[in-house]
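What follows is one structure encoded as structure tokens, with my remarks underneath.
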Amino acid sequence: MNIALVSVLLLVVVAATHVSAADRCSYLQYYLEAYTTRCGWRGWGRCLRYRYKTEIRYKDCTHGQWSSWSATSETQCSETCGGGEKEITMDRTCTAPAPSNGGHKCAGGCRKVDVVACNEQPCPIDGGWSEWGAWKGGDCSALCGGGTINQHRKRSCNNPVPQFGGADCSGVDKENGTNTCNTDACGDRCPAGEIKYHPHATDGTRFYQCAHGVAVRRSCGPGTIFDASINVCSFTATPAPVPPVTSCDPSLGMFQRHPRDCSRFLICVEGGRVYEQNCPSDMKWNNDIQTCDYAHNVDC
0 MNIALVSVLL LVVVAATHVS AADRCSYLQY YLEAYTTRCG WRGWGRCLRY
50 RYKTEIRYKD CTHGQWSSWS ATSETQCSET CGGGEKEITM DRTCTAPAPS
100 NGGHKCAGGC RKVDVVACNE QPCPIDGGWS EWGAWKGGDC SALCGGGTIN
150 QHRKRSCNNP VPQFGGADCS GVDKENGTNT CNTDACGDRC PAGEIKYHPH
200 ATDGTRFYQC AHGVAVRRSC GPGTIFDASI NVCSFTATPA PVPPVTSCDP
250 SLGMFQRHPR DCSRFLICVE GGRVYEQNCP SDMKWNNDIQ TCDYAHNVDC
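Using numbering that gives the first Met the number 0, the letters of the sequence shown correspond one by one to residues 0 to 299.
Structure follows, in structure tokens:
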């Protein structure tokens, strides 16, 4: 008996199995097979019949691969400075290459959210003023009985120091003022009804004259100094010698104000050894800037 086979393709279904990593994919092919069989009275006839059959076949295919991650959106940083966090949404696609002809789809997710640090730069710190320092400089207008003194004081923009783009302190760092001084009664230094004079302790061109119970500071004329022996300013007077300084405090710095002579200064070294130095002519020691300065810039 001869059997004629006629194959008619009905449906192709991609199989779940793959031959190898060489991008060869298997699939099942379904078809109808035609055949003849005995039929009729006593099987003398021949009838055409059909039956389903399958066959595993193979073809070239492409397995999907992920593209690189790329940022698609991000949130604002939680802080403007000093270190914060933000979320970055990252997406990828199964297109490098895309699956074809029954190749694998990409495994895993196509989106992730990363939390990253941001704005890690230090925050600006605005400057703040320190407390005002002590009043300095000046010479009291009276030896006793009450006078006034023109002084100045300073403050620093270091509480805190401005940093990282912060604003400087607003205002001035130096202030001038007039304060009272030597308010103790003169007593025997200025007896009632008596005119009396006193030499200045550090400046030979100045002296004090008693008037109404107050020893008022006076100045000699240009080129003269006060002569205590005759109580007048004189061109020939010899100023009283200033006692030498024999010790100092190194904690106050190497360069220091002379305690009795504004035209001199001290070099104080370890162990309290002290060396007296003279400023150039017509200059006085300015303790604020730690150097000799023009006399008109120094209150002494």
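Ideal Cβ positions, reconstructed from N, Cα and C, are used throughout, including at glycine. It should be emphasised that the depicted structure is a prediction, and the values quoted were computed from it without experimental measurement.
**Asked** Can you name, in chain order, every residue of its own chain whose Cβ lies under 8 Å from the Cβ of N118, other than the five neighbours on each side?
**Response** C76, E78, T79, C80, G81, G82, G83, listed in sequence order.
message = Output needed for R50: all residues of its chain with C-beta closer than 6 Å, excluding positions within five of it in sequence on either side, in chain order.
response = E32
Rounded C-beta distance between N100 and K52? I'm assuming under 8 Å.
Going by Cβ atoms, the distance from N100 to K52 rounds to 23 Å, so no, they are not a contact pair.
From this set, E73, S140, P98, A184, which residue's C-alpha is nearest A116's C-alpha? E73
* Could you give the distance in angstroms between the alpha-carbon of G186 and the alpha-carbon of P198? -> 17 Å
Fill in: Ranges of the beta strand (DSSP E) found wholly within the segment 50-109, counting only runs of at least 3
You should have 69-73, 83-90.
| query | Of the choices Q276, R259, S246, whose alpha-carbon is the least far from that of E269? | reply | S246
| message | Taking the alpha carbon of I87 as the reference point, which residue from P249, F234, A70, A141 has its own alpha carbon closest? | response | Measuring from the Cα of I87, the nearest candidate turns out to be A70.
Worksheet item: So what does G176 bridge to, in DSSP terms?
Response: Q150
Identify, in the order they occur along the chain, each residue of the same chain with its Cβ nearer than 6 Å to the Cβ of A95, setting aside the five sequence neighbours on each side.
-> Q64, S66
- Query: For R110, which residues from the same chain have a beta carbon less than 6 Å from its beta carbon, with the 5 sequence-adjacent residues on both sides left out?
  - Reply: D90
| message | Using only CA atoms, which one of C46, D248, I124, C232 lies nearest to P221? | response | C232
Is it buried or exposed, F206, if we count other Cβ atoms within 10 angstroms and call 16 or more buried?
buried
Point to revise | Nearest candidate by alpha-carbon position, reference E275, set K283, I266, M282 | key: I266
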